[in-house]
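Engineer: Protein sequence lines, in the order shown, are assigned to chains A and B. Just so you know, we're using our numbering here: the first sequence kicks off at 2 and counts up by one. Just so you know, we're using our numbering here: the second sequence kicks off at 2 and counts up by one. Mind having a look at this structure? Questions to follow.
Number of protein chains: 2
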Amino acid sequence: MPRSAPARAPITSPAAATVFTTVLTQGPVSRVDVARRTGLSSAAVTKAARPFIEAGYLEELASAERTAPGAGRPASPLAIRPDREYFIGVKITGDDLIGVVTDLQAQIRVAKHHPLTSHDVDHVVRALVDLVAELLAGSAPDGATSFRDRAYCLGVAISGDVDRDTGVVRYSPFLGWRDVPLAELLEVSTGLATTLENDVKALTVAEQWFGEGVGASSFALVTVGTGIGSALVLDGRLVGGAHGVAGEIGHVPVAGMGADGPACHCGGTGCVEAIASTEAIVASARRVAGDPALTLDKAVARARAGDEPLRAVFATAGHAIGLGLAALVNLFGPERVVVSGEGVATYDLFEDQIRRTFAEQAFGSAARCGLVIRPLPFEEWARGAAAVAVQSLFVSDRL
Amino acid sequence: MPRSAPARAPITSPAAATVFTTVLTQGPVSRVDVARRTGLSSAAVTKAARPFIEAGYLEELASAERTAPGAGRPASPLAIRPDREYFIGVKITGDDLIGVVTDLQAQIRVAKHHPLTSHDVDHVVRALVDLVAELLAGSAPDGATSFRDRAYCLGVAISGDVDRDTGVVRYSPFLGWRDVPLAELLEVSTGLATTLENDVKALTVAEQWFGEGVGASSFALVTVGTGIGSALVLDGRLVGGAHGVAGEIGHVPVAGMGADGPACHCGGTGCVEAIASTEAIVASARRVAGDPALTLDKAVARARAGDEPLRAVFATAGHAIGLGLAALVNLFGPERVVVSGEGVATYDLFEDQIRRTFAEQAFGSAARCGLVIRPLPFEEWARGAAAVAVQSLFVSDRL
């Protein structure tokens, strides 16, 4: 349980949640606009906003326009006070922990890395508790308070099969974990309300609330790197899949015809991931270079220096990603797609081919889907975890 | 405007619509179960059901169980009276009109075909008006009334870009039409309230309300034939695509890598439709048989008789369809998928390969998606149009 805090975000009704979310993700915004966007009455918006103003989460900005005397109160926009509460986000990889402190709008205030020397659950929990303690000891911008004084929620992101509702890591291939009740272990040892989420889904939350997803009826986030995955958001809801699987763009079989498609670890053939994952790129690069010890960094350097066979390896990967994107967009029709992930750090070698293939294969007006391709610093994964912690404000027992 | 009919389905409130839809698609069902499934109170269900019973749309069945004296009224299930209203559905193809009369549950009562000798709008409208008149002249099962006495709504299904809201055919490739206000033309000449819908979407409505989609949180309908398309339904809503494109499983690039993928009419390469449409199958069959005049029927007959190269052509098409299904299911995760369409009439030549490929390429538990593969008689398309007409009861101005 979180430490008791009398003046925390007073999300006590669905209307309160709606008004606070609207200002949080779209503010500053006038009460009239909040009413228009949410379908609530102006009176209901004013009533719902008041406790947030009293608790310091929202403020009224000075109105830009002066209204004529007698024309009623000026329409002072409502704005979030981002430093009212801080959130801790931690991403767990096979090699390290990346932790951040963010404000209410998931803006990173400080970031720290910890190497992981073991995948033992106790070891990871202890390392995570240490990291959280270090993060909380930092000073808020006012200099007078530490983050600890205004942080109640921890978000943790991890790749694999994660049950957010119960806080259990059902399966983590990188850590070799099965059925680890990580959220409970961390709540006990940190005192913070802890929410666990799959890392791609966490990143999607950050994008949905504080990034490209704001204002989009539907969007997809695609991550490219060691694995290739995606998350689809439709009408504000993540598509989860009736059987627990959805968004597996890495397993769209773009080279599934004929016998020459590469085998994929999933048991299929010709999957995007079997062509464009970091591992697949390194394997292809070693093959074309005739150097079984070639590293990714060296392959990237040589491709950037103009090595044509190596450039072709990256172009092939970009082509496979572009085909996967076309499949996604032709089937699902999102308004926008964000392509990101550590693999996009070398996106100068990919981007042209991704865009060209996508343009060729997108069906009709599906080509109008906005395509944002950008690198993803590792801190962003931790920011996604923090965004999940922000979101946990709205799913607490208080509602 | 429909002819006035004092006792038509009294869908006068959202609660009335919810109760009627529940009994229509899931009945017979007790009031208690309707309340449980809809979240309405028992009193609200009883209140909402009464006008439908009075107007003859619903009835109370005799309760199967006798309750003890004093235990209150027995829980008589509510059931639809399917013959209370009839609906006309017409599918327009490039060659003919297929028309049906259905009851309230979209069960076909009579079907008729009319050849189309011209694609001229006036000609098609006249042929359609004649067909509707013939259909309406038929006798209802009671022998005493004609369908005309209880039919007020017409649904029309057509492939291509159709605007259901305005009733305009924006683009029909088979007819060569652009921006034809077909619903208005037909309302004027038939006196029936007319709803126009894309044919695959219409088929999806029939499946969603009266077929495999009943009770599924999400499902997809895939049609295979001259074209290959699909429709996705999530939480009862058709996924429409932010830019108007969604469900284009025919344009998933399953042979998009390498230079050997076949060109698709969409401008892309290696699309499912470029391998598995009827046209693509005939072209491949002609090539392997060395017979440029080979027909589909003859290719089917020879494949069924054991011609291995021709069997391989159908297996390749089945493989491409299976890959497209895997892409759909890995990305979207529907509970069930129905594969149908006129191309599935030869499904003995496809089905094994579709299932084998799907099983190999479905990612993890996505393989648990129920896969129904079945032929689609042409009347089913018209039934889909009638289901759209049934649905139009619920979107009238009366709500």
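C-beta atoms are modelled at their ideal positions from N, C-alpha and C, and glycine is treated no differently. No experiment lies behind these values; they were computed from the predicted model shown.
1) Mind listing which residues of the region 233 to 246 of chain A have their C-beta closer than 9 Å to chain B's C-betas, in chain order?
2) Can you name the start and end residues of the beta strand (DSSP E) that A/Glu-380 belongs to?
3) Take the Cβ of A/Asp-298 as the centre, count every other Cβ of all protein chains shown within 10 Å, and call the residue buried at 16 or more, exposed below.
4) Write down the C-beta distance between B/Val-283 and B/Leu-311 rounded to the nearest angstrom, noting that I regard them as a contact closer than 8 Å.
5) Which first and last residues belong to the alpha helix (DSSP H) in which A/Phe-333 is found?
6) B/Glu-361 CB to nearest chain A CB: under 8 Å?
7) Any idea if A/Ala-44 is buried or exposed, counting beta-carbon neighbours within 10 angstroms, 16 or more meaning buried?
8) For chain B, check one thing: does any of its Cβ atoms lie closer than 8 Å to the Cβ of A/Ala-327?
9) Check whether the Cβ of B/Gly-248 lies closer than 8 Å to any Cβ atom in chain A.
10) From B/Arg-165 to B/Thr-196, what does the alpha carbon distance come to, in whole angstroms?
11) Got a sec: is the Cβ-Cβ distance from A/Gly-228 to anything in chain B below 8 Å?
12) Give the DSSP bridge partners of A/Glu-198, in chain order.
13) Buried or exposed, going by whether 16 or more other CB atoms sit within 10 Å of the CB of B/Glu-198?
14) Identify the continuous alpha helix (DSSP H) that holds A/Ile-250 and give its terminal residues.
15) Check the Cβ of B/Asn-331 against every Cβ in chain A and list those closer than 7 Å, keeping chain order.
16) Using a Cβ-Cβ distance under 8 Å, would B/Phe-364 count as near chain A?
17) According to DSSP, is B/Asp-292 helix, strand or coil?
18) Whole alpha helix (DSSP H) runs in the region 96 to 139 of chain B with 4 or more residues, listed along the chain?
19) Just the C-alpha distance for B/Leu-233 and B/Leu-326, rounded to the nearest angstrom, thanks.
20) Taking its Cβ as the centre, do 16 or more other Cβ atoms sit within 10 Å of B/Pro-142, making it buried, or is it exposed?
21) For chain B, check one thing: does any of its Cβ atoms lie closer than 8 Å to the Cβ of A/Glu-336?
22) In chain B, what lies closer than 9 Å to A/Ser-219 by C-beta?
23) Between the beta-carbon of B/Ser-147 and the beta-carbon of B/Leu-137, is there less than 8 Å?
24) Mind checking which residues open and close the alpha helix (DSSP H) that includes B/Leu-233?
25) Should the region 367 to 387 of chain B be called in touch with the region 232 to 246 of chain A, which here means at least 3 C-beta pairs below 8 Å?
26) At which residues does the alpha helix (DSSP H) containing A/Leu-186 begin and terminate?
27) Can you say whether A/Gly-156 is buried or exposed, counting buried as having 16 or more other CB atoms within 10 angstroms of its CB?
28) What residue from A/Phe-175, A/Arg-384, A/Ala-80 and A/Glu-274 has the CA that sits closest to A/Thr-22's CA?
29) Where do the ends of the beta strand (DSSP E) carrying A/Ala-80 lie?
30) Taking DSSP as the reference, what is the three-state secondary structure of B/Tyr-348?
31) Please report the distance separating the alpha-carbon of B/Pro-3 from that of B/Pro-52.
32) Can you tell me where the alpha helix (DSSP H) holding B/Ala-18 begins and where it ends?
33) Return helix, strand or coil for B/Asp-398, following the three-state DSSP convention.
34) Whose C-beta lies closer than 8 Å to the C-beta of B/Thr-270 among residues of the same chain, with five residues either side of it excluded?
35) Give me the Cα-Cα distance between A/Glu-185 and A/Asp-292, rounded to the nearest whole angstrom.
36) Tell me, please, whether the region 165 to 182 of chain A touches the region 104 to 111 of chain A by the rule of three or more beta-carbon pairs shorter than 8 Å.
Structural biologist: Taking the coordinates as given:
1) Only those residues of the region 233 to 246 of chain A whose C-beta falls short of 9 Å from the nearest C-beta of chain B are listed: Leu-233, Leu-235, Asp-236, Arg-238, Val-240, Gly-241, Gly-242, Ala-243, His-244, Gly-245 and Val-246.
2) Reading the first sequence from its first residue, position 379 is the one you call residue 380 of chain A. Where A/Glu-380 is concerned, there is no enclosing beta strand (DSSP E), although the alpha helix (DSSP H) it sits in stretches over 379 to 393.
3) As a first step, residue 298 of chain A is located in the first sequence; it is residue number 297 there, counting from the start. It counts as exposed.
4) Locating residue 283 of chain B in the second sequence gives position 282, where the first residue counts as 1. Locating residue 311 of chain B in the second sequence gives position 310, where the first residue counts as 1. Contact flag wrong, Cβ pair sits at about 11 Å.
5) As a position in the first sequence, residue 333 of chain A is number 332, starting the count at 1. If you look at A/Phe-333, you'll find it in the alpha helix (DSSP H) that goes 309 to 333.
6) Locating residue 361 of chain B in the second sequence gives position 360, counting from the first residue. Yes, because at least one Cβ of chain A sits closer than 8 Å to the Cβ of B/Glu-361.
7) In the first sequence, residue 44 of chain A corresponds to position 43, counting from 1. Around the beta carbon of A/Ala-44, a 10 Å sphere encloses fewer than 16 other beta carbons of the protein chains shown; the residue is thus reported as exposed.
8) To locate residue 327 of chain A, count along the first sequence from 1; it is residue 326. Closer than 8 Å: yes.
9) Start at 1 with the first residue of the second sequence, and residue 248 of chain B comes out as number 247. Chain A, which has a Cβ nearer than 8 Å to the Cβ of B/Gly-248, makes this yes.
10) Here residue 165 of chain B refers to the residue found at position 164 of the second sequence. Here residue 196 of chain B refers to the residue found at position 195 of the second sequence. When rounded, the distance between both Cα atoms is 7 Å.
11) On the first sequence, residue 228 of chain A is found 227 positions in, with the first residue counted as 1. Answer no: the Cβ-Cβ gap between A/Gly-228 and chain B never drops below 8 Å.
12) If you number the first sequence from 1, residue 198 of chain A lands on position 197. Paired residue(s): A/Ala-158.
13) What you label residue 198 of chain B is simply residue 197 of the second sequence in a count that begins at 1. By the 10 Å Cβ count, B/Glu-198 comes out buried.
14) Here residue 250 of chain A refers to the residue found at position 249 when the first sequence is read from its first residue. DSSP places A/Ile-250 in no alpha helix (DSSP H); its state is neither H nor E.
15) Position 330 of the second sequence, counted from the start, is the residue given in the question as residue 331 of chain B. Val-246, Glu-249, His-252 and Val-253, listed in chain order.
16) Here residue 364 of chain B refers to the residue found at position 363 of the second sequence. For B/Phe-364, at least one C-beta of chain A is nearer than 8 Å to its own C-beta.
17) Numbered from its first residue, the second sequence carries residue 292 of chain B at position 291. DSSP places B/Asp-292 in coil when its eight states are reduced to three.
18) Taking only runs of at least 4 residues, the alpha helix (DSSP H) segments lying wholly in the region 96 to 139 of chain B are 122 to 137.
19) Walking along the second sequence from the start, residue 233 of chain B turns up at place 232. Walking along the second sequence from the start, residue 326 of chain B turns up at place 325. Taking the straight line joining both Cα atoms gives about 12 Å.
20) On the second sequence, residue 142 of chain B is found 141 positions in, with the first residue counted as 1. Burial call: exposed.
21) Counted from its first residue, the first sequence places residue 336 of chain A at position 335. The Cβ of A/Glu-336 sits closer than 8 Å to at least one Cβ of chain B.
22) The sequence position of residue 219 of chain A within the first sequence is 218, counting from 1. What A/Ser-219 touches in chain B: Val-240, Gly-242 and Ala-243.
23) Translated into positions along the second sequence, residue 147 of chain B becomes position 146. Translated into positions along the second sequence, residue 137 of chain B becomes position 136. Yes.
24) What you label residue 233 of chain B is simply residue 232 of the second sequence in a count that begins at 1. Segment 229 to 235 is the beta strand (DSSP E) holding B/Leu-233; no alpha helix (DSSP H) there.
25) Verdict: yes, contact present.
26) Within the first sequence, the letter at position 185 stands for residue 186 of chain A. A/Leu-186 -> alpha helix (DSSP H) spans 183 to 191.
27) Numbered from 1 along the first sequence, position 155 holds the residue referred to as residue 156 of chain A. It counts as buried.
28) In the first sequence, residue 22 of chain A corresponds to position 21, counting from 1. Checked all of A/Phe-175, A/Arg-384, A/Ala-80 and A/Glu-274; the closest Cα to A/Thr-22 is A/Ala-80.
29) Position 79 of the first sequence, counted from the start, is the residue given in the question as residue 80 of chain A. Segment 79 to 81, the beta strand (DSSP E) holding A/Ala-80.
30) Along the second sequence, one-based indexing puts residue 348 of chain B at 347. Three-state result, B/Tyr-348: helix.
31) Position 2 of the second sequence, counting from 1, holds the residue named residue 3 of chain B. Position 51 of the second sequence, counting from 1, holds the residue named residue 52 of chain B. Note that B/Pro-3 scores 44 on pLDDT, short of 50, meaning its location in the model is unreliable and no value can be drawn from it.
32) Counted from its first residue, the second sequence places residue 18 of chain B at position 17. Run containing B/Ala-18: 15 to 27, per the alpha helix (DSSP H) assignment.
33) Within the second sequence, the letter at position 397 stands for residue 398 of chain B. Note on B/Asp-398: pLDDT 46, under 50, position unreliable in the model; the coordinate value appears next. Of the three classes helix, strand and coil, the one that applies to B/Asp-398 here is coil, per DSSP.
34) As a working mapping, residue 270 of chain B is identified with position 269 in the second sequence. In chain order, Pro-254, Ala-256, Gly-257, Gly-262, Pro-263 and Ala-264 place their CB closer than 8 Å to the CB of B/Thr-270, counting only its own chain and leaving out the 5 sequence neighbours on each side.
35) Along the first sequence, one-based indexing puts residue 185 of chain A at 184. Along the first sequence, one-based indexing puts residue 292 of chain A at 291. So the alpha carbons of these two residues sit roughly 47 Å apart.
36) They do not touch, by the three-pair rule.
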